[in-house]
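From first to last, the protein sequence lines are chains A and B.
Residue numbering for the first sequence follows the numbering used here, beginning at 2 and increasing consecutively.
Residue numbering for the second sequence follows the numbering used here, beginning at 486 and increasing consecutively.
Backbone N, C-alpha and C define an ideal beta-carbon position, used for all residues, glycine too.
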Amino acid sequence: MSSAMTMNWPAVRAIYRFEMGRFWRTAGQSILAPVISTTLYFVVFGAAIGSRVSAVDGVPYGLFIVPGLIMLSLLTQSISNASFGIYFPRFAGTIYEILSAPISPLEVVLGFVGAAASKSILIGLIILATSALFVPLRIDHPFWMIGFLLLTAVTFSLFGFVIGLWADGFEKLQLVPLLVVTPLTFLGGSFYAIGMLPPFWHAVSLLNPVVYLISGFRWAFFGKADVNIAISLGMTALCLVICLGLVTYIFRTGYRLKS
Amino acid sequence: MPIISISQLSKTYTSGFTALRGIDLAIEPGEIFALLGPNGAGKSTLINIVCGIVTPSSGTVLVDGHDIARDYRAARRTIGLVPQELTTDAFETVLNTVSFSRGLFGLRPDPGHIERILRALSLWDKRDSRLMTLSGGMKRRVLIAKALSHEPRVLFLDEPTAGVDVELRQDMWRLVRALRQQGVTVILTTHYIEEAEEMADRIGVIRRGEIILVEEKAALMRKLGRKQLTLHLQQPITAVPPELEDYGLALAGDGRELVYTYDTRAERTGITGLLTGLAASGIRFNDLHTEQSSLEDIFVGLVREDGARA
Ligand SMILES: Nc1ncnc2c1ncn2[C@@H]1O[C@H](COP(=O)(O)OP(=O)(O)O)[C@@H](O)[C@H]1O
Ligand SMILES: [Mg+2]
Numbered sequence: 002m003s004s005a006m007t008m009n010w011p012a013v014r015a016i017y018r019f020e021m022g023r024f025w026r027t028a029g030q031s032i033l034a035p036v037i038s039t040t041l042y043f044v045v046f047g048a049a050i051g052s053r054v055s056a057v058d059g060v061p062y063g064l065f066i067v068p069g070l071i072m073l074s075l076l077t078q079s080i081s082n083a084s085f086g087i088y089f090p091r092f093a094g095t096i097y098e099i100l101s102a103p104i105s106p107l108e109v110v111l112g113f114v115g116a117a118a119s120k121s122i123l124i125g126l127i128i129l130a131t132s133a134l135f136v137p138l139r140i141d142h143p144f145w146m147i148g149f150l151l152l153t154a155v156t157f158s159l160f161g162f163v164i165g166l167w168a169d170g171f172e173k174l175q176l177v178p179l180l181v182v183t184p185l186t187f188l189g190g191s192f193y194a195i196g197m198l199p200p201f202w203h204a205v206s207l208l209n210p211v212v213y214l215i216s217g218f219r220w221a222f223f224g225k226a227d228v229n230i231a232i233s234l235g236m237t238a239l240c241l242v243i244c245l246g247l248v249t250y251i252f253r254t255g256y257r258l259k260s
Numbered sequence: 486m487p488i489i490s491i492s493q494l495s496k497t498y499t500s501g502f503t504a505l506r507g508i509d510l511a512i513e514p515g516e517i518f519a520l521l522g523p524n525g526a527g528k529s530t531l532i533n534i535v536c537g538i539v540t541p542s543s544g545t546v547l548v549d550g551h552d553i554a555r556d557y558r559a560a561r562r563t564i565g566l567v568p569q570e571l572t573t574d575a576f577e578t579v580l581n582t583v584s585f586s587r588g589l590f591g592l593r594p595d596p597g598h599i600e601r602i603l604r605a606l607s608l609w610d611k612r613d614s615r616l617m618t619l620s621g622g623m624k625r626r627v628l629i630a631k632a633l634s635h636e637p638r639v640l641f642l643d644e645p646t647a648g649v650d651v652e653l654r655q656d657m658w659r660l661v662r663a664l665r666q667q668g669v670t671v672i673l674t675t676h677y678i679e680e681a682e683e684m685a686d687r688i689g690v691i692r693r694g695e696i697i698l699v700e701e702k703a704a705l706m707r708k709l710g711r712k713q714l715t716l717h718l719q720q721p722i723t724a725v726p727p728e729l730e731d732y733g734l735a736l737a738g739d740g741r742e743l744v745y746t747y748d749t750r751a752e753r754t755g756i757t758g759l760l761t762g763l764a765a766s767g768i769r770f771n772d773l774h775t776e777q778s779s780l781e782d783i784f785v786g787l788v789r790e791d792g793a794r795a
């Protein structure tokens, strides 16, 4: 396949800009929503509960929840942005244009997933900035913080992309995020250290992949983690590889895209 | 070399329905080709396979010598597609969506080219309108503009005039002729016979997943046409003589004309017999002429034949 060697970058850019267009069109809403929800979390968890929890691992509770808050949004936003991004053209029929254009599956994924990940990273950064209004921020390993942010956004955007391909109705689009991802995120130590749990639930928690993401991300902030940072990184990378594999398989088979 | 060559192309959908059976077809560069067939014949399936939207079950398609599977980039770059369904991104503006299409095909932005297309399709004044605010006809124009945005050498129009007003239909045909002047190959599907007759250089008739004939329009008319022989009588008659009953003659022109319909494909047209019979009955005529039926009649004949066999 000689023609596959030269990437169709204008197409990647076109898809990326098209997808980002939706974000900017509703920029007020896109930006205001995370600001409001973060503020609410700080009011409820930081002020009301945090005043009683005082500190976790020597980190004041209000500060402790910042990485978890960002992860929570990063996961849900990545999945919903990417799944909606690819589901909608399938639903509306405009996917014909992507299918009939000289684009490789890789380029399609780069465009859609790149845009979905960019949006959720932007939202993550907005939450981070909003947090700074409530607590004195501290980031011990900024490089790793950005690394985990990118890795997680890309991984879960890929996962969302898979959901958007699999779904054959708007209900299914909501199903996985609602029934799987949100519980896993809440139970993954967004608002507590899993070391605070009784041994049994601690062990169960280690089956939850989100634990590793949050733990690694929190380590980048405070230098403290629930699990070893190398394991966190390994698990995050594994999630990425699994999602990449799923997407590759889908395009190989034309699943749900072509009849 | 044909610009598109299709050989032994078959498609069975996952439902088990076979929509195409061993299609062989060659489209010549620069021609306007009409794929004519009733609903469900497989026209859209055929187009969608060539454009990469549907995967074939077997067979090969070459576009300008490029295999649509192995060398899909080169193949698809050649093609512009206006799909049958009106599908547009509601929130996008006309200008954005057309520029987007050009980008998808790997081309650098060319505002001048986009402007020319939008003007040619009377869309320039609407360039900043959101697509959801446009009428159906306008949306169809936008789909055409999108298909032309990357300067394709082959344009597919799938049922281009379904639900389209007269003005757009005329604009569209003007555009198709202009494109042909530039050497663009146009392939359109239709079940309106007038459309094929008016526009096409060649016509392929597809029925139940099979191409049953491909002909130059003129040759098709000759080959398939039913003809009418009209005889102008010297003396008017009040009834067709009983001995000529078998010919199914019709009396016209106040008894001054006898009309005989025959099939040019038949082994015997029956003309000799008829003329002999007329002479025997003492009916004399001073003039005669034959008339070719329109392509529409040909098609109705095909469909009827289809119904008869089913
Ligand atoms: N995705 C599909 N799955 C199953 N059958 C299909 C599908 N798409 C089309 N068909 C069937 O294939 C036949 C040909 O359809 P189509 O190519 O759209 O015909 P045309 O465009 O000539 O009207 C029809 O009987 C249609 O119902
Ligand atoms: Mg059709």
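Item: Minimum length 4: unbroken alpha helix (DSSP H) runs contained in the region 92-161 of chain A; Value: 96-100 and 106-133
Item: is_contact[L616(B), chain A] using C-beta, thresh 8 Å; Value: no
Item: Same chain, Cβ closer than 6 Å to L642(B), five either side skipped, listed in chain order; Value: V567 and L673
Item: Where Y498(B) falls, given that 16 or more other Cβ within 10 Å makes a residue buried; Value: exposed
Item: Alpha helix (DSSP H) runs contained entirely in the region 691-753 of chain B, provided each spans 4 or more residues; Value: 702-709
Item: Cβ neighbour criterion (16 or more within 10 Å) applied to P645(B); Value: buried
Item: G683(B) versus L619(B): straight-line alpha-carbon distance, rounded; Value: It is worth fixing the name first, because residue 683(B) is Glu in this sequence and not Gly. C-alpha separation (whole angstroms): 28 Å.
Item: Any C-beta of chain B under 8 Å from that of N82(A); Value: no
Item: Beta-carbon proximity list for F187(A), same chain, < 6 Å, skipping 5 on both sides; Value: none
Item: Short-range partners of chain B found in the region 88-119 of chain A, where Cβ spacing is below 9 Å; Value: F89, P90, A93, G94, T95, I96, Y97, E98, I99, L100, S101, A102, P103, I104 and S105
Item: Inter-residue Cα distance where the pair is A647(B) and S79(A); Value: 40 Å
Item: Opening and closing residue of the beta strand (DSSP E) in which G507(B) lies; Value: T503 to I512
Item: Y498(B) beta carbon near ligand 1 (any heavy atom closer than 7 Å); Value: yes
Item: is_contact[L673(B), chain A] using C-beta, thresh 8 Å; Value: no
Item: Contact list for E644(B) against chain A, beta-carbon separation under 9 Å; Value: Ordered by position in chain A, no residue passes the 9 Å Cβ test against E644(B), which lies about 14 Å from the chain.
Item: Beta bridge counterpart(s) of E776(B) as assigned by DSSP; Value: Q713(B)
Item: Whole-angstrom distance between D748(B) and I722(B), CA atom to CA atom; Value: 26 Å
Item: Same chain, Cβ closer than 8 Å to A575(B), neighbours up to 5 away in sequence not counted; Value: R615, L616 and M617
Item: Proximity test, Cβ basis, 8 Å: T804(B) and chain A; Value: Only positions 486 to 795 of chain B appear in the structure, and residue 804(B) is not among them; the question remains open.
Item: Candidates L520(B), P727(B), A554(B) and L698(B), of which the one nearest I538(B) by Cα; Value: A554(B)
Item: Extent of the continuous beta strand (DSSP E) run through G565(B); Value: I564 to V567
Item: Residues of the region 486-502 of chain B with Cβ closer than 8 Å to any Cβ of chain A, in chain order; Value: Y498 and T499
Item: Distance cut-off 7 Å: T675(B) Cβ against heavy atoms of ligand 2; Value: no
Item: Ligand 4 heavy atom lying under 7 Å from the CB of F502(B); Value: Ligand 4 is not part of this structure, which contains only ligand 1 and ligand 2.
Item: Span separating the alpha-carbon of F46(A) from that of I128(A); Value: 15 Å
Item: Residues near C244(A) by beta carbon distance below 6 Å, same chain, minus five either side; Value: T156, L159 and F160
Item: Any chain B beta carbon closer than 8 Å to S260(A); Value: yes
Item: Reduced DSSP secondary structure (H/G/I, E/B, other) of A795(B); Value: Bear in mind that a pLDDT of 40 at A795(B), under 50, signals an unreliable position, so the number given afterwards is only what the model happens to contain. Note: A795(B) maps to coil in three-state DSSP.
Item: Beta-carbon neighbours of G588(B), restricted to chain A and to distances below 7 Å; Value: P11, A12, R14 and A15
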